[in-house]
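These protein sequences, in sequence, are chains A and B.
Counted from 1, the first sequence has number 99 at position 79 by my numbering; the numbering is strictly sequential.
Counted from 1, the second sequence has number 506 at position 100 by my numbering; the numbering is strictly sequential.
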Amino acid sequence: METNPERRIFLKGSIALSVLGTAIGTGLLTPRAVLAAWPADAFAAKKVPDAMKALAGSDQMSDSSEIKIKAPDIAENGAVVPVTVSSGIDGIESISIIAVNNPAPLIASFNLGEGAEGFVSTRIKMGKTGDVVAVVKAGGKLYSAKKEVKVTIGGCGG
Amino acid sequence: MAKKSIKIRAKMKGDVVTVKALMTHPMETGARKDKKTGELIPAHFIQEVTCEAGGKVRLTALWSGGVSKNPYLSFKFKGAKKGDTLKLSWVDNTGKSDSAEAKIG
Numbered sequence: 021m022e023t024n025p026e027r028r029i030f031l032k033g034s035i036a037l038s039v040l041g042t043a044i045g046t047g048l049l050t051p052r053a054v055l056a057a058w059p060a061d062a063f064a065a066k067k068v069p070d071a072m073k074a075l076a077g078s079d080q081m082s083d084s085s086e087i088k089i090k091a092p093d094i095a096e097n098g099a100v101v102p103v104t105v106s107s108g109i110d111g112i113e114s115i116s117i118i119a120v121n122n123p124a125p126l127i128a129s130f131n132l133g134e135g136a137e138g139f140v141s142t143r144i145k146m147g148k149t150g151d152v153v154a155v156v157k158a159g160g161k162l163y164s165a166k167k168e169v170k171v172t173i174g175g176c177g178g
Numbered sequence: 407m408a409k410k411s412i413k414i415r416a417k418m419k420g421d422v423v424t425v426k427a428l429m430t431h432p433m434e435t436g437a438r439k440d441k442k443t444g445e446l447i448p449a450h451f452i453q454e455v456t457c458e459a460g461g462k463v464r465l466t467a468l469w470s471g472g473v474s475k476n477p478y479l480s481f482k483f484k485g486a487k488k489g490d491t492l493k494l495s496w497v498d499n500t501g502k503s504d505s506a507e508a509k510i511g
């Protein structure tokens, strides 16, 4: 069967639009006093640099060997990918988890409070194979590390 | 009351408390379609999780719909003692919220 590239582009465009539509419809894009801290722009961003700019004010990240990501090499089910990030960097303010190839790459951002160690573990959805990036903010700077996870069944289509 | 939506456990080893929590939530991204009707399922996910112990906020998690259904969260912190109460609460994008407490053991 022949695939029509224009049709592909059209489909992509309409998916993006409908996502935006629901975001507005459910009040995601309207500011809310209760959730003032929730960075809607960062989570809605389609590209990693845009997400990081909205979240941390910068997309300048330096690779760090002091960040460890524990995630499976191959995820059989993209809907549930366990990810653990740990880091020994001093003065960590936040840890963010990004799945580069997801429609909205920024998945979660953890702001560490008093006494919290550089360790978070959760389970994320991944639409397709790609890098999982952990971004650690410490002393006003961003450090990152990545790990590729191969996804055999996507978690975004359902 | 409905079935408890949060399971939480806090264990102390040395001076580090390890917290493990499991929440019950559909975590809909808003991009998924209902297979029968073909309509988009509206977004419904936890946006913010806060964990407090000893009167201090230990962790605030900001989430998108990219976190798996029935989310799992684990983290570690120092500066608490056995018997302290750990409180976890979440708020989702529809404004609903829930919370649970556990004693650090």
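A virtual CB, placed ideally from N, CA and C, is assigned to each residue, including glycine.
Just so we're clear, the structure is a prediction, and the values are computed from it rather than from any experiment.
Whether residue i touches residue j by CB criterion (8 Å)
| i | j | result |
| --- | --- | --- |
| Val105 (chain A) | Ile115 (chain A) | yes |
| Gly471 (chain B) | Gly436 (chain B) | yes |
| Ala95 (chain A) | Val155 (chain A) | no |
| Ala467 (chain B) | Ala128 (chain A) | yes |
| Gly185 (chain A) | Gly111 (chain A) | Residue numbering for chain A in the displayed model covers 21 to 178; residue 185 (chain A) lies beyond these limits and cannot be assessed. |
| Ala459 (chain B) | Ile510 (chain B) | yes |
| Met418 (chain B) | Pro477 (chain B) | no |
| Lys482 (chain B) | Phe139 (chain A) | yes |
| Ile173 (chain A) | Ile144 (chain A) | no |
| Ala124 (chain A) | Ala60 (chain A) | no |
| Val423 (chain B) | Gly133 (chain A) | no |
| Thr142 (chain A) | Leu479 (chain B) | yes |
| Ile412 (chain B) | Ala427 (chain B) | yes |
| Val153 (chain A) | Val120 (chain A) | yes |
| Ile109 (chain A) | Lys167 (chain A) | no |
For residue i, the three-state DSSP class (helix, strand or coil)
| i | result |
| --- | --- |
| Val185 (chain A) | No answer is possible for residue 185 (chain A): the residues shown for chain A start at 21 and end at 178. |
| Met433 (chain B) | coil |
| Ala71 (chain A) | helix |
| Ala91 (chain A) | coil |
| Phe483 (chain B) | strand |
| Phe130 (chain A) | strand |
| Gly440 (chain B) | As written in the sequence, residue 440 (chain B) is Asp, which differs from the Gly given in the question. Reduced to three states, the DSSP call for Asp440 (chain B) is coil. |
| Asp61 (chain A) | helix |
| Ala76 (chain A) | helix |
| Ala449 (chain B) | coil |
| Gly47 (chain A) | Unreliable positioning characterises Gly47 (chain A) in this predicted model, as indicated by a pLDDT of 45, which lies under 50. The coordinate reading is nonetheless provided below. Gly47 (chain A) falls in the coil class under three-state DSSP. |
| Val103 (chain A) | strand |
| Asp490 (chain B) | coil |
| Asp504 (chain B) | strand |
In DSSP terms, what residue i is bridged to
| i | result |
| --- | --- |
| Arg415 (chain B) | B:Lys426 |
| Ser82 (chain A) | A:Tyr163 |
| Val473 (chain B) | A:Ile144 |
| Glu454 (chain B) | B:Leu468 and B:Val497 |
| Ile173 (chain A) | According to DSSP, Ile173 (chain A) bridges with nothing at all. |
Report the residues of the stretch 147-164 of chain A with a CB closer than 7 Å to any CB of chain B, ordered along the chain.
none
Secondary structure, beta strand (DSSP E): runs of 3+ residues fully inside the stretch 135-167 of chain A:
136-144 and 150-158
Mind checking the stretch 88-112 of chain A against chain B and listing, in chain order, the residues whose C-beta falls within less than 7 Å of any C-beta there?
Ala99 and Val100
Listed from N- to C-terminal order along the chain, which residues in the stretch 471-485 of chain B have their beta-carbon within a distance smaller than 9 Å of any beta-carbon of chain A?
Gly471, Gly472, Val473, Ser474, Lys475, Asn476, Pro477, Tyr478, Leu479, Ser480, Phe481, Lys482, Phe483, Lys484 and Gly485
Taking a Cβ distance cut-off of 7 Å, strictly less, list which residues of the stretch 115-129 of chain A are near chain B, in chain order.
Ala119, Asn122, Pro123, Ala124, Leu126, Ile127, Ala128 and Ser129
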